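Asks: Questions regarding the structure given below will be posed in turn.
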Amino acid sequence: RPTWRISKWEGAGTNNEAEWTALIMAMKFLYEKRIVDQQIYFYLDSQLVINQVNKKWKVKHDNCQKLYSEFIDIFQKIKLLNNEMNFNWVPRQLIQLADKEAQKGGI
Numbered sequence: 054r055p056t057w058r059i060s061k062w063e064g065a066g067t068n069n070e071a072e073w074t075a076l077i078m079a080m081k082f083l084y085e086k087r088i089v090d091q092q093i094y095f096y097l098d099s100q101l102v103i104n105q106v107n108k109k110w111k112v113k114h115d116n117c118q119k120l121y122s123e124f125i126d127i128f129q130k131i132k133l134l135n136n137e138m139n140f141n142w143v144p145r146q147l148i149q150l151a152d153k154e155a156q157k158g159g160i
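Here the working numbering runs 53 ahead of the position in the sequence shown, where the first position is 1.
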């Protein structure tokens, strides 16, 4: 069960830009909360972003390279607070099932 949920309308863009923006937004939120000495887990349904974050794939598109640079910046700031971050891929079907169950529980 997630500790926090955040959302924001970002306007037009590609799906990959939206995935990167969501991850960066979540990381900025954590940094602003000054989360310290924690094991932090991120679960995303974007294989592309997970593989790019974990440096298995390169960030090739210009529009995402800027976002990747922003990610690296906030990643380093969070690491300075002595946090360990884990980035994990979750198939979209499992996320949809989890959302349905969470709605039943009143989240």
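A virtual CB, placed ideally from N, CA and C, is assigned to each residue, including glycine. Only a predicted model underlies this, so the values are computations on that prediction, with no experimental measurement involved.
What is the DSSP secondary structure of residue 147, reduced to helix, strand or coil?
Replies: Residue 147: helix per DSSP, three-state reduction.
Asks: Would you grab the beta carbon distance between residue 87 and residue 134 for me? Rounded to a whole angstrom, and I think it's under 8 Å.
Replies: Confirmed, about 7 Å.
Asks: Among all the DSSP beta bridges, which residues are the ones paired with residue 92?
Replies: DSSP output for residue 92 lists 137 as bridge partner(s).
Asks: List the whole-angstrom C-beta distance separating residue 143 from residue 83, where the pair is believed to meet the contact cut-off of C-beta under 8 Å.
Replies: Wrong, their Cβ atoms sit about 19 Å apart, outside the cutoff.
Asks: Residue range of the alpha helix (DSSP H) that residue 104 falls in?
Replies: Per DSSP, residue 104 belongs to the alpha helix (DSSP H) from 100-106.
Asks: Enumerate in chain order the residues of its own chain whose CB-to-CB distance from residue 66 is below 8 Å, with the five nearest sequence positions on each side excluded.
Replies: Counting only Cβ-Cβ distances below 8 Å, and skipping sequence neighbours, we find 74 and 116.
Asks: Please report the distance separating the alpha-carbon of residue 111 from that of residue 100.
Replies: The alpha-carbon atoms of residue 111 and residue 100 are separated by roughly 13 Å.
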